[in-house]
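Chains as they are written, first to last, in the numbering used here: chain A, 692 to 995; chain B, 444 to 634. Where is the CB? At the ideal position from N, CA and C, for every residue including glycine. All figures in this text were calculated on a predicted structure; none of them were measured in a lab.
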Amino acid sequence: MQKTYRMLPAVIALLASAVVRGSDTTGNFEQEVAADAKGTVEISSTSGTIDVTGSDKAAVSVKAQLGPEVDHVEVKSSGNHTVVHVILKPHGSGIFNWGHDETHLRVQVPKDSELDVSGVSANVTSSGVLGAQRLRSVSGDVTADTGPNDIEVKSVSGNVKVRGHGQPARLRLNTVSGDIELKHAAGELETSTVSGQVSAELDPARAFHARSTSGDITFEGRLARGADVDAQSVNGDLKVHAASEDGFQYELQTLSGDITDCFDAKAERSGEYGPGHKLDGTRGGGSAHVRLKTMSGDLNLCDR
Amino acid sequence: MTEQGRKGVIRSLGELPQGIEPKADLWPQIEAQIAGRAQAAPAETTPVSRAASGTRLRWLAAAAMVGCVAVGVWIGHSVPLGGAAAPPLATAGHPGAGALQTAWVADPRYQRQHAELMRSLGDQVAALPPASRAKVMASLTTIREAKHNLEEGLGKDPGNALLQELLVNTYQDEMRVLTDVREASDAGKGI
Numbered sequence: 692m693q694k695t696y697r698m699l700p701a702v703i704a705l706l707a708s709a710v711v712r713g714s715d716t717t718g719n720f721e722q723e724v725a726a727d728a729k730g731t732v733e734i735s736s737t738s739g740t741i742d743v744t745g746s747d748k749a750a751v752s753v754k755a756q757l758g759p760e761v762d763h764v765e766v767k768s769s770g771n772h773t774v775v776h777v778i779l780k781p782h783g784s785g786i787f788n789w790g791h792d793e794t795h796l797r798v799q800v801p802k803d804s805e806l807d808v809s810g811v812s813a814n815v816t817s818s819g820v821l822g823a824q825r826l827r828s829v830s831g832d833v834t835a836d837t838g839p840n841d842i843e844v845k846s847v848s849g850n851v852k853v854r855g856h857g858q859p860a861r862l863r864l865n866t867v868s869g870d871i872e873l874k875h876a877a878g879e880l881e882t883s884t885v886s887g888q889v890s891a892e893l894d895p896a897r898a899f900h901a902r903s904t905s906g907d908i909t910f911e912g913r914l915a916r917g918a919d920v921d922a923q924s925v926n927g928d929l930k931v932h933a934a935s936e937d938g939f940q941y942e943l944q945t946l947s948g949d950i951t952d953c954f955d956a957k958a959e960r961s962g963e964y965g966p967g968h969k970l971d972g973t974r975g976g977g978s979a980h981v982r983l984k985t986m987s988g989d990l991n992l993c994d995r
Numbered sequence: 444m445t446e447q448g449r450k451g452v453i454r455s456l457g458e459l460p461q462g463i464e465p466k467a468d469l470w471p472q473i474e475a476q477i478a479g480r481a482q483a484a485p486a487e488t489t490p491v492s493r494a495a496s497g498t499r500l501r502w503l504a505a506a507a508m509v510g511c512v513a514v515g516v517w518i519g520h521s522v523p524l525g526g527a528a529a530p531p532l533a534t535a536g537h538p539g540a541g542a543l544q545t546a547w548v549a550d551p552r553y554q555r556q557h558a559e560l561m562r563s564l565g566d567q568v569a570a571l572p573p574a575s576r577a578k579v580m581a582s583l584t585t586i587r588e589a590k591h592n593l594e595e596g597l598g599k600d601p602g603n604a605l606l607q608e609l610l611v612n613t614y615q616d617e618m619r620v621l622t623d624v625r626e627a628s629d630a631g632k633g634i
């Protein structure tokens with residue numbers, strides 16, 4: 692009898708292994724582990740798709756259709772930390788065989804989890820997660836819903852799409868060449884891109900800080916009292932259409948672009964001899980601040 | 444309050460005296476001081492000293508500008524946008540950027556990091572997915588062209604604060620991209 696108990700962990704491990712290996716032969720994988728309702732879930736996969744959804748269940752549930760380059764899927768939960776890693780074959784061509792290994796990973800996490808997702812060419816999608824989120828992909832697109840907590844999304848060449856639900860949050864969205872789109876959000880946004888287009892809707896916005904080298908930047912929404920809007924681009928156009936709770940002071944500068952507005956203020960030359968135009972002034976109470984600067988892009992400001 | 448005290452209280456502006464004479468006439472003393480300064484002044488405004496003063500002012504303006512750029516870079520370094528690495532102070536020494544630009548003191552830490560990132564850039568870009576490679580290279584070209592244009596603009600108008608600010612930010616953005624590319628290539632290897 693004692694011998695049987697001693698053998699029990701080994702038998703369980705063997706059975707678990709059999710389940711996983713059995714899944715591998717069909718290309719499908721399924722596993723569920725208990726998880727802290729407010730813990731951290733870390734997910735990584737190279738290519739294909741990563742879909743994460745929040746649920747009321749205190750468990751992390753993984754379903755995957757594995758590509759041929761996948762060696763195994765690691766699902767571990769320890770304390771308040773759960774990891775889901777898709778591990779490629781060690782000597783395969785998987786690492787540099789981008790896009791050919793189509794692994795589709797679906798992960799259900801407790802809705803209040805903190806989420807940390809990392810993909811390479813994988814498209815990442817997250818919905819229904821209310822905790823803080825950190826989502827990264829190199830060339831894949833990232834699409835996410837925001838809750839009331841911070842969200843940080845980074846992609847090199849993929850596009851970033853984030854949809855809020857009007858709850859104030861702090862958002863950081865960065866790409867190198869991918870476009871950035873934010874809708875129905877509120878709170879603070881810090882965003883940067885080199886050549887992507889930035890389009891952001893914040894209502895209300897407490898802060899909007901945006902930078903690009905050649906990409907256009909558009910902000911639409913409403914400015915909270917004392918809000919701070921600062922957008923800069925070397926060659927891109929900057930457009931801010933924002934109603935405000937208590938007006939705003941504005942300061943617009945461009946070296947070779949045009950300045951237009953919807954309240955008939957006229958831009959003037961920056962200096963007596965040098966090139967450039969500027970437009971300074973105040974709308975309403977002037978409690979918020981709007982600063983738009985570009986070298987060769989056009990500037991457009993409207994208070995409605 | 445006593446009756447005597449009430450008499451001393453001023454009830455309207457009309458009760459105030461029209462003028463208060465000083466105990467002594469101070470004007471002769473002030474006049475003498477002004478005359479003394481006027482005699483000393485011509486020696487300070489000779490053409491040679493005016494030229495020296497102008498040169499000094501130009502150097503002071505140049506030093507102030509370098510100081511402003513240094514402060515901007517330092518602020519950018521302390522509060523990086525999107526986790527950008529250390530920003531630069533030195534420029535690529537574009538010929539059109541003017542002599543002032545060569546005076547910009549190089550931040551050795553930036554130069555070291557930048558050189559290191561540029562050295563490994565080829566390998567890092569090669570490790571990226573094909574879809575990303577061309578886009579990253581195009582973005583780096585965009586940044587290089589933007590730097591070139593800004594430096595050219597500063598060569599024509601060295602005191603332009605807008606161009607200075609955009610140039611410093613573009614250097615920061617270049618470092619951010621190089622850092623992101625390194626992280627992205629590391630992520631590919633790590634998974």
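Considering only residues of the same chain and omitting the five flanking positions on each side of S978 (chain A), which have a CB-CB separation below 6 angstroms? Within the same chain, S978 (chain A) has close Cβ partners R916, G917, D937.
Under 8 angstroms: do the stretch 749 to 759 of chain A and the stretch 796 to 815 of chain A share three or more Cβ pairs, one atom per stretch? Output reads yes: the stretch 796 to 815 of chain A touches the stretch 749 to 759 of chain A.
My output table needs one value for V811 (chain A): the three-state DSSP class, helix, strand or coil. Residue state, collapsed to three classes: coil.
Assuming the contact rule is C-beta atoms closer than 8 angstroms, G967 (chain A) and L929 (chain A) should be a hit. Round their C-beta distance to whole Å, please. About 15 angstroms separates the CB atoms of G967 (chain A) and L929 (chain A); that is not less than 8 angstroms, and the two are not in contact.
S817 (chain A) versus chain B: which residues are under 8 angstroms apart at the beta carbon? Here the premise fails: no neighbours, minimum Cβ distance about 18 angstroms.
Quick check for students: name the residue ranges of the beta strand (DSSP E) that lie wholly in the stretch 867 to 911 of chain A, counting only runs of 3 or more. If we require 3 residues or more, the beta strand (DSSP E) runs fully inside the stretch 867 to 911 of chain A come out as 871 to 884, 889 to 903.
Can you give me the Cβ contacts of V867 (chain A) inside the same chain, cut-off strictly under 6 angstroms, excluding the 5 residues immediately before and after it? Excluding the 5 residues flanking it on each side, V867 (chain A) has same chain C-beta neighbours closer than 6 angstroms at V847, V885, in chain order.
Between the alpha carbons of H900 (chain A) and L880 (chain A), how many angstroms are there, rounded? Taking C-alpha positions only, H900 (chain A) is separated from L880 (chain A) by approximately 6 angstroms.
Would you kindly work out how many angstroms separate the C-alpha atoms of A558 (chain B) and P551 (chain B), rounded to a whole number? Approximately 10 angstroms, taken between the alpha carbons.
Cβ pair M986 (chain A), L583 (chain B) closer than 8 angstroms: The Cβ atoms of M986 (chain A) and L583 (chain B) do not sit closer than 8 angstroms to each other.
With DSSP collapsed to three states, give me the class of N996 (chain A). The first residue shown for chain A is 692 and the last is 995, placing residue 996 (chain A) beyond what the model contains.
Note down the Cα distance separating V624 (chain B) from D616 (chain B), rounded to an integer number of angstroms. Spanning the two alpha carbons is a distance of roughly 12 angstroms.
Excluding sequence positions up to five away, which residues of its chain have a Cβ less than 6 angstroms from the Cβ of A898 (chain A)? E879, D919.
Of all the options A:D762, A:A933, A:R960, A:E963, which has the alpha carbon lying nearest to the alpha carbon of R982 (chain A)? Minimum Cα-Cα distance from R982 (chain A) among the listed residues A:D762, A:A933, A:R960, A:E963 corresponds to A:A933.
For Y964 (chain A), count neighbouring C-beta atoms within 10 Å of its own C-beta (all shown protein chains included) and say buried if the count is 16 or more, exposed if not. Residue burial is scored here from C-beta neighbours: Y964 (chain A) has fewer than 16 other C-beta atoms within 10 angstroms and is therefore classed as exposed.
Helix, strand or coil: how does DSSP classify L609 (chain B) here? Here L609 (chain B) sits in helix by DSSP.
What is the DSSP secondary structure of A581 (chain B), counted as helix, strand or coil? In the three-state scheme derived from DSSP, where H, G and I count as helix and E and B as strand, A581 (chain B) is classed as helix.
Option in A:S817, A:K767, A:Q858 with minimal Cα separation from E723 (chain A): For the residues A:S817, A:K767, A:Q858, the minimum Cα distance to E723 (chain A) belongs to A:K767.
Let me know the beta strand (DSSP E) ranges lying completely inside the stretch 715 to 757 of chain A, each 3 residues or longer, listed in chain order. Annotation: the stretch 715 to 757 of chain A contains the following complete segments of the beta strand (DSSP E) (minimum length 3 residues), in chain order: 719 to 725, 731 to 736, 740 to 746, 750 to 756.
Coil, strand or helix - V925 (chain A) by DSSP: Reduced to three states, the DSSP call for V925 (chain A) is coil.
In chain B, which residues lie with their C-beta within 8 angstroms of the C-beta of V867 (chain A)? Correct list: K578, V579, S582, V620, D623, V624.
Span of the beta strand (DSSP E) around H772 (chain A): Its beta strand (DSSP E) spans residues 772 to 779.
What residue range is occupied by the uninterrupted alpha helix (DSSP H) comprising Y553 (chain B)? Counting along the chain, the unbroken alpha helix (DSSP H) around Y553 (chain B) starts and ends at 551 to 569.
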